[in-house]
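Novice: Counting with the UniProt record's numbering, you get residues 1 to 59 for the letters of the sequence shown. I'd like to ask you about the structure that follows.
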Amino acid sequence: MNNDNNLSQEQFQELLISVYTKTNDSNEISAIDIVNEIKQKLLTIYSPNSHAQIGDKAK
């Protein structure tokens, strides 16, 4: 069984597509922009109303 904090394959693909789209939309993009895009996508996936959040321990 997968740990709840793991991304599903579908979620990971969405993350990659999001970052790829972001980099293609801009002529200049820095590493920090890519990191921020990944962070924002992860925050969306692990939002407070989600069943699991990054860093959560089993209760």
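We put the CB at the ideal spot given by N, CA and C, even for glycine. As the structure is a prediction and not an experimental result, all values here were calculated from the model.
1. For the alpha helix (DSSP H) containing Leu7, name the first residue and the last one.
2. Would you grab the beta carbon distance between Gln11 and Ile38 for me? Rounded to a whole angstrom, and I think it's under 8 Å.
3. With DSSP run on the structure shown, which of helix, strand or coil describes Ser18?
4. Is the distance from the Cβ of Val19 to the Cβ of Ile34 below 9 Å?
Specialist: Checking against the coordinates, here is how it stands:
1. Note, Leu7: premise wrong, no alpha helix (DSSP H); not H, not E.
2. About 12 Å separates the two Cβ atoms, so there is no contact after all.
3. helix
4. yes
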